[in-house]
Amino acid sequence: MKLATWNVNSLKVRLPHVLQWLAENPVDVLCLQETKTVDGKFPVAEIEAAGYQVAYAGQKTYNGVAILSRHPIHDVVRNNPLYPDEQQRIIAATIEGVRVICAYVPNGQTVGSDKYEYKLTWLDHLERWLEAELRIHENLAILGDYNIAPDDRDVHDPVAWEGSVLVSEPERAAFRRLCGLKLADAFRLFEQPEKIYSWWDYRQMAFRRNRGLRIDHILLSPALAARCIACVIDKAPRKLEQPSDHTPVIATIA
DNA sequence: ATGGCCTCGGTTCGAGGA
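For what it's worth, our numbering labels the leading residue of the first sequence as 290, then goes sequentially.
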């Protein structure tokens, strides 16, 4: 079973890339973030024509998440029940016995801003909810854009980024607390090449210079981590015309 | 060099992203 996540930065703009990627990478589950699409305009027909069922939670202009699946989707939950939030950042569903949570963690804008405090509060409530969910679901995967580079290995220039949003210690501590729930960063279960990232700024030719961050992650419950045999980041879609600034992460479960 | 680029909504610029 292959589980993937991709922040598409507007599904309206990126739908051709998503369909092309799924044709070349027929994963079982694909979690999308930043669909920026209201539910009434979600491209259900195009996705179903590609062989996928879909559950989505959208809003106007910002945020929006979706789960695409080749298998039946059960028990859909939108948002964290412990944290009422107008921003559509979470959708969860059970697929083939796996509880799949698709998450778009707030960006945080700048350290110390209101948005940064919202990010930390949001993460705190995510942790509490996941703690409860892990008691219910042995097979649980939470995939998405965490907007946190967990370690200096995940930052192209750790000195330049030190202390800034996406890298700051309180954010990293929040990520470590999720791992403290026995969730495993699937990418780090395996030996990986150096300087592998999942996001590159649109500016300054950052992708060509590989000035990126690894901020998109797949966390796995112990039972799933034990069955995980690979986790890779696919840079290919970032090379296309008019790409998303993020690229997919894929975990393979035996 | 504290910007650069992209998307959206809605107009030709500001907000937000990361």
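Cβ atoms here follow ideal geometry from the backbone N, Cα and C, with glycine treated the same way.
Where A312 and D443 are concerned, what is the direct C-alpha to C-alpha distance, given to the nearest angstrom? Distance from the CA atom of A312 to the CA atom of D443, rounded to whole angstroms, is 29 Å.
I'd like to know whether the C-beta atoms of D490 and Q322 end up nearer to each other than 8 Å. Result no, Cβ atoms of D490 and Q322 do not sit closer than 8 Å.
Best match in P370, D440, R378, H363 for proximity to G347 [C-alpha to C-alpha]: When only C-alpha atoms are compared, the closest one is R378.
In the structure shown, what three-state DSSP assignment does V365 receive? Three-state result, V365: strand.
Is H414 helix, strand or coil by DSSP? H414 carries a helical assignment under DSSP once its states are collapsed to helix, strand and coil.
Proximal residues to H426 (C-beta, below 6 Å), its chain only, five neighbours per side dropped: Cβ within range, chain order: R388.
Taking S358 as the reference, give the member of R461, A293, C517, A495 with the closest Cα. Among R461, A293, C517, A495, the Cα nearest to that of S358 belongs to A293.
Contact defined as beta carbons within less than 8 Å: I believe I380 pairs with V365. What is the distance between those atoms, to the nearest angstrom? The Cβ separation is near 7 Å, so the contact holds.
Unbroken beta strand (DSSP E) run spanning Q322, endpoints: Membership of Q322 in the beta strand (DSSP E) is indicated by the continuous run 318 to 322.
What's the gap between the Cα of I356 and the Cα of L304? Between I356 and L304, the C-alpha separation is close to 14 Å.
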